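Enquirer: The structure follows.
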Amino acid sequence: MSIHMDKNRITPVTLQKMKGKTPIVALTAYEKPMAEIIDPHVDMIIVGDSVGMVVYGQDSTLGVTLEMMINHGLAVTRGAAHACVIIDMPFGSYQVSPQQAFRHASQVLIRTGAQAVKLEGGAEMLDTTRFLTQRGIPVMPHIGLMPQHVNQLGGFKTQARDAAAIEALVSLAKDFEQAGAFSILIEGTSELAARTVTAGVSIPVIGIGASPACDGQVLVTEDILGLFSDYTPKFAKRYIDLGSLITKACAQYAQEVRTGEFPASEHCFGLSKTTKVTAD
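So the sequence shown is residues 0 to 279, counted in numbering that gives the first Met the number 0.
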């Protein structure tokens with residue numbers, strides 16, 4: 000077995016070197032086929048706890064478990080040979096103590112082969128971030144709009160829209176950098192907040208719904224593919240209406256099965272050349 004890391008793999012260190020030079024491209028994935036498709040085109044794949052809403056149809060991310068994240072993370076790493084894979088720590092798996100966070104985060108990395116974990120929180124997560132990074136676990140804090148805090152926030156509401164809130168967010172980002180974070184994800188803030196945070200730290204800031212002022216962008220892949228006909232976030236651009244294409248393909252398949260058009264002869268297996276068929 001080789002003791003050398005894959006030289007083609009983007010790592011947290013690689014991402015740090017991209018700050019201020021090359022915009023970082025990130026998308027989400029929850030399973031191997033999607034990871035294989037997006038891997039050549041992105042620098043980072045986030046296995047988000049958004050899986051609870053996107054895949055399982057939950058109303059929030061709060062119902063996602065550690066085992067769910069590990070299973071989906073393993074599926075993604077099996078399909079991603081190039082991008083840096085970052086896995087969300089689900090609600091309740093890291094908030095009790097730094098020790099709890101390390102126990103669960105280490106299992107995430109060991110069992111999936113991912114390169115880093117992401118966790119949500121404010122100043123209360125600084126000690127945890129420091130504890131993890133000092134023990135070899137790369138951490139990406141998630142600030143601004145934090146979906147795991149949806150009940151406390153009263154919904155998915157834009158954050159840091161006044162001077163005081165922006166100042167507090169910048170201070171928090173700097174504190175996370177000092178605690179050892181290799182990057183920061185900022186969600187659902189004003190453009191001024193995103194720009195100020197990005198300029199205020201020396202680590203990459205990845206935005207989702209936080210303007211082009213960040214060092215990189217991440218979106219939920221299913222949103223850009225148009226797989227949800229009922230809702231697309233304001234900050235997401237739909238690049239293709241894949242939902243309609245899938246609907247059309249399924250309808251055509253159903254029609255061909257019912258009319259006997261499928262399967263045709265080219266879809267069937269014949270006998271081997273040595274097989275002799277005799278009539279009764």
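Think of the CB as a built atom: it goes at the ideal place given N, C-alpha and C, for glycine as much as any other residue.
Just so it is clear, the structure is predicted and the values come from calculations on it, not from any experiment.
Among the residues of its own chain, which have a CB less than 7 Å from the CB of Ile202, if the five just before and after it don't count?
Expert: Answer for Ile202: Gln15, Lys18, Glu176, Ala180, Phe181, Ser182 and Ile183, listed in chain order.
Enquirer: Using a Cβ distance threshold of 8 Å, determine whether the stretch 119-136 contacts the stretch 72-80, with at least three qualifying pairs required.
Expert: When C-beta atoms of the stretch 119-136 are compared with those of the stretch 72-80, fewer than three pairs fall below 8 Å, so the two segments do not count as touching.
Enquirer: In angstroms, rounded to a whole number, what distance separates the CA positions of Phe227 and Gln98?
Expert: 39 Å
Enquirer: Could you tell me the alpha carbon to alpha carbon distance between Gly121 and Gly208, rounded to whole angstroms?
Expert: 19 Å
Enquirer: So, helix, strand or coil for His3, using DSSP?
Expert: The predicted model places His3 with a pLDDT of 45, which falls under 50 and marks its position as unreliable, so this point remains unresolved.
Enquirer: For Leu302, count neighbouring C-beta atoms within 10 Å of its own C-beta (all shown protein chains included) and say buried if the count is 16 or more, exposed if not.
Expert: This structure cannot settle anything about residue 302, because the visible part of the chain is limited to 0 through 279.
Enquirer: Using C-beta distances below 6 Å, list every residue in its chain close to Leu125, excluding the 5 sequence neighbours before and after it, in chain order.
Expert: Asp174 and Ala178
Enquirer: I need the straight-line Cα distance from Glu123 to Pro140, nearest angstrom please.
Expert: 12 Å
Enquirer: Going residue by residue through the stretch 109-165, where are the continuous alpha helix (DSSP H) segments of at least 4 residues, counting only ones entirely within it?
Expert: The stretch 109-165 contains these whole alpha helix (DSSP H) runs: 125-132 and 149-152.
Enquirer: Where does the unbroken alpha helix (DSSP H) through Gly51 begin, and where does it stop?
Expert: Val50 to Val53
Enquirer: Can you tell which of Ser59, Asp229 and Met43 has its C-alpha closest to the C-alpha of Val204?
Expert: Met43
Enquirer: Around the C-beta of Ala163, are 16 or more other C-beta atoms found within 10 angstroms, so that it is buried, or is it exposed?
Expert: exposed
Enquirer: For Glu190, name the three-state secondary structure that DSSP assigns.
Expert: helix
Enquirer: Within a Cβ cutoff of 6 Å, which residues of the same chain sit near Pro146, ignoring the five residues on either side of it in sequence?
Expert: Thr60
Enquirer: Residues in its own chain within less than 7 Å of Leu171 by CB, not counting five upstream and five downstream?
Expert: Gly121, Ala122 and Ile142
Enquirer: Taking the alpha helix (DSSP H) that Gly72 falls in, what are its first and last residues?
Expert: Leu65 to Thr76
Enquirer: For Asp222, report the span of its alpha helix (DSSP H) as first-last.
Expert: Thr220 to Ile223
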